[in-house]
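Just so you know, we're using our numbering here: the sequence shown kicks off at 1 and counts up by one. Cβ atoms here follow ideal geometry from the backbone N, Cα and C, with glycine treated the same way. Please read these numbers as outputs of a predicted model, since none were measured by experiment.
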Amino acid sequence: MSAVQTSSPTPDDTRQRGPLAEVLFSLLRSGTFLTGLVIVLFWVGCAIFGEHFAPYDPLADDIINALAPPSAEHWFGTDQIGRDVFSRVIVGSRDILTVAPLATLLATVAGTALGLITGYFRGIVDDVVSRILEAFMAIPVVIVALLAIVALGTSKTTVIVVIGLSFAPIIARTVRSAVLAERELDYVAAAQLRHESALHTMFVEILPNVIPPILVETTVRLGYAIFAVATLSFMGFGIQPPSPDWGLSISSNYGMIGGGFWWTVLFDALAIASLVIGVNLAADGVHGALND
Numbered sequence: 001m002s003a004v005q006t007s008s009p010t011p012d013d014t015r016q017r018g019p020l021a022e023v024l025f026s027l028l029r030s031g032t033f034l035t036g037l038v039i040v041l042f043w044v045g046c047a048i049f050g051e052h053f054a055p056y057d058p059l060a061d062d063i064i065n066a067l068a069p070p071s072a073e074h075w076f077g078t079d080q081i082g083r084d085v086f087s088r089v090i091v092g093s094r095d096i097l098t099v100a101p102l103a104t105l106l107a108t109v110a111g112t113a114l115g116l117i118t119g120y121f122r123g124i125v126d127d128v129v130s131r132i133l134e135a136f137m138a139i140p141v142v143i144v145a146l147l148a149i150v151a152l153g154t155s156k157t158t159v160i161v162v163i164g165l166s167f168a169p170i171i172a173r174t175v176r177s178a179v180l181a182e183r184e185l186d187y188v189a190a191a192q193l194r195h196e197s198a199l200h201t202m203f204v205e206i207l208p209n210v211i212p213p214i215l216v217e218t219t220v221r222l223g224y225a226i227f228a229v230a231t232l233s234f235m236g237f238g239i240q241p242p243s244p245d246w247g248l249s250i251s252s253n254y255g256m257i258g259g260g261f262w263w264t265v266l267f268d269a270l271a272i273a274s275l276v277i278g279v280n281l282a283a284d285g286v287h288g289a290l291n292d
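Printed below as a string of structure tokens:
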């Protein structure tokens, strides 16, 4: 009797995987990506289910227990009006994980469209749009936020639009560079010979081939968007009270640090830092997988 032999995967078997499967396989082997993903998913879980396991109502004050230090009863202590800091940190992830991804999505959609247009048409269209985008990029996000808030009023929608439009030119520049390289390839010339419309060529022929840099840029911008949302909230231009938003909580309590009440600010700051680190680790993993 002959022994039954089982074959192990060969390089040919590996090459038979599709491009998407190869990227997913690389991501699953990336410790950097998986670490970042776990951190992000933890905060996403807090944003969705936080109210169910937060020990206290994050909006309920208790003046008698104001500025209580971390203890078994209040793990992260209480703030200046007695609200439980741990509960506020857990539930406070909701607003930032709503506003920042929506702003990043807006930036990606607008930036991709502009990048496709400028990279494909080039010439006068590229020159005019690129100069406008460069001028817009020169204005700090905070200044844009001030102008927008004066015109539109303070709201989550305003913050989403401000951050989205501020980051769109950066994504547009990245997409434009990728489109300029793709435009010279044979498949684009073939589409033009078939008299395909410009929209079809840009969004059906070219866009699928520039998805990798778009994905990398999107994940990177998400980290910046989280910082931008927190900064605007801290300055009073973003998410408004009584939300337990992290940036807003730091703004409300940072004056307490001088009195030794460090816990009113520290844990919110660590939450912001951990979320940004998680997003950046995931972005590094995506970049590595797409460049393998």
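Under three-state DSSP, which class holds residue i?
i: Thr78; result: strand
i: Asp84; result: strand
i: Trp263; result: helix
i: Thr118; result: helix
i: Leu165; result: helix
i: Glu73; result: coil
i: Tyr224; result: helix
i: Tyr187; result: helix
i: Gln192; result: helix
i: Tyr56; result: coil
i: Ala181; result: helix
i: Thr35; result: helix
i: Asp305; result: Coverage of the chain is limited to positions 1 through 292, which leaves residue 305 absent and any answer about it impossible.
i: Asp245; result: coil
i: Gly236; result: coil
i: Arg176; result: helix
i: Ile170; result: helix
i: Leu105; result: helix
i: Ser274; result: helix
i: Pro11; result: Because the pLDDT of Pro11 is 48, which lies under 50, any placement of that residue in the model is unreliable, and the number read from its coordinates should be weighed accordingly. Correct three-state label for Pro11: helix.
i: Asn253; result: helix
Looking at C-alpha atoms only, which residue of the options is the closest neighbour of residue i?
i: Ser243; options: Ala47, Val38, Leu24, Leu28; result: Ala47
i: Thr35; options: Thr231, Ser274, Ile206; result: Ser274
i: Asp268; options: Ser249, Asp126, Ser26, Ala282; result: Ser249
i: Ala54; options: Ser26, Ser93, Ile81; result: Ser93
i: Trp246; options: Val99, Leu41, Ala283, Phe49; result: Val99
i: Ala72; options: Phe86, His52, Ile81; result: Phe86
i: Leu147; options: Leu106, Asp62, Ala110, Phe237; result: Phe237
i: Phe227; options: Leu193, Asp95, Gly111; result: Asp95
i: Pro101; options: Asn65, Pro69, Val40; result: Val40
i: Pro69; options: Val125, Gly115, Gly260; result: Gly260
i: Tyr56; options: Ile90, Ile132, Gly164, Leu185; result: Ile90
i: Thr264; options: Ala181, Trp43, Ser26, Trp75; result: Trp75
Could you compute how far the alpha carbon of residue i sits from the alpha carbon of residue j?
i: Pro58; j: Arg83; result: 6 angstroms
i: Ile170; j: Leu281; result: 20 angstroms
i: Pro208; j: Pro140; result: 32 angstroms
i: Ser309; j: His195; result: The chain is shown from 1 up to 292; residue 309 falls before or after that span and cannot be answered.
i: Val23; j: Tyr187; result: 23 angstroms
i: Arg183; j: Ala189; result: 8 angstroms
i: Tyr254; j: Gln240; result: 16 angstroms
i: Ile20; j: Ile211; result: Note on residue identity: the sequence assigns Leu, not Ile, to residue 20. When rounded, the distance between both Cα atoms is 11 angstroms.
i: Ile272; j: Ala198; result: 43 angstroms
i: Gly45; j: Thr112; result: 30 angstroms
i: Val204; j: Leu193; result: 15 angstroms
i: Asp13; j: Ile214; result: Low confidence applies to Asp13: its pLDDT is 47, below 50, so where it sits in the model is not reliable, and the reading given next is rough at best. Whole-angstrom Cα-Cα distance: 29 angstroms.
i: Ala151; j: Val144; result: 11 angstroms
i: Ile149; j: Val142; result: 10 angstroms
i: Thr108; j: Glu51; result: 31 angstroms
i: Pro180; j: Gly123; result: Per the sequence shown, residue 180 should be read as Leu rather than Pro. For Leu180 and Gly123, the distance between alpha carbons rounds to 12 angstroms.
Contact defined as beta carbons within less than 8 angstroms: I believe residue i pairs with residue j. What is the distance between those atoms, to the nearest angstrom?
i: Gly278; j: Ser30; result: With a Cβ gap of about 14 angstroms, Gly278 and Ser30 do not count as contacting.
i: Thr104; j: Ala225; result: 5 angstroms
i: Met256; j: Gln80; result: 6 angstroms
i: Val286; j: Phe33; result: 7 angstroms
i: Ala168; j: Gly223; result: No, Ala168 and Gly223 are not in contact; Cβ-Cβ is about 16 angstroms, not under 8 angstroms.
i: Leu97; j: Gly164; result: Their Cβ separation, rounded to whole angstroms, is 16 angstroms, which puts Leu97 and Gly164 out of contact at 8 angstroms.
Touch check for the segment 174-181 and the segment 116-127: three-plus C-beta pairs under 8 angstroms?
Yes, they touch.
Kindly confirm or deny that the segment 221-234 and the segment 155-166 touch, where touching means at least three C-beta pairs closer than 8 angstroms.
Counting Cβ pairs under 8 angstroms, three or more are found: they touch.
Do the segment 213-224 and the segment 125-137 meet, that is, are 3 or more Cβ pairs less than 8 angstroms apart?
No: the two stretches stay apart, fewer than three of their Cβ pairs being nearer than 8 angstroms.
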